[in-house]
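Numbering (the numbering used here), first residue to last: 70 to 214.
Report on the structure given below.
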Ligand SMILES: [Fe+2]
C-alpha cells in the first residue's frame, strides 16, 4: 500500500496504478518467462486500480520470489509498477528491505538518485489483515501528477 503524490507533496487522485510480479517461486504467469520454477494456478500476478481521493492505493498479494536473470545474476524479490497520472507516467520497480540480492542487483545498483526510494518499508500486520501477513508501504511521486 502507499500513496501517490506530486513533487509538491499533494496527493494524486485517480492515478492508474498497475502492478505485475512473479509468484512466490519467482515465476511470472507469462509465456516468455523461461524460469522452470512452478506456476501457481491460484496466482495471476497482475492487478490494476486507481488511487483514491487521498492518493492511496492498496493491493493484497504474495511476496515474489527471486528469479534468475542472465548469467549468474539473480533478481531480488521486486514488484513492477506502472503509474499513470493526468500528466506523468512512471514505470519502475519496488524492492523489499533487507534482501541480500538487492546489493548485487544490476538494475537497482544503477539507480543514482534516491535509490532508497525504490525500497519499501515493511510494517507489522494491522488488525484488518491476516496475522501472518506484512504491511508493505511504498509511496510514489509523479512530478506533476
Ligand atoms: Fe521482474
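Every residue gets a Cβ at the ideal spot worked out from N, C-alpha and C, and that includes glycine.
First through last residue of the alpha helix (DSSP H) which encompasses residue 178: 175–178
Close beta carbons around residue 158, own chain, < 6 Å, minus the five adjacent residues each side: none
Every unbroken beta strand (DSSP E) within the stretch 77–148, with a cutoff of 3 residues, ordered by chain: 85–89 and 115–119
Coil, strand or helix - residue 75 by DSSP: strand
Outcome for residue 214 when other beta-carbon atoms lying within 10 angstroms are tallied against a minimum of 16: buried
Beta strand (DSSP E) segment containing residue 161, residue limits: 158–164
Opening and closing residue of the beta strand (DSSP E) in which residue 211 lies: 209–211
Span separating the alpha-carbon of residue 143 from that of residue 74: 31 Å
When 175, 177, 163 and 197 are compared against residue 86, the one with the closest alpha-carbon: 163
DSSP beta-bridge partners of residue 198: Answer is none; residue 198 lacks a bridge partner.
According to DSSP, residues forming a beta bridge with residue 190: 206
Selected residue, minimal CA-CA separation from residue 151, among 169, 130 and 116: 116
For residue 168, the three-state DSSP class (helix, strand or coil): coil
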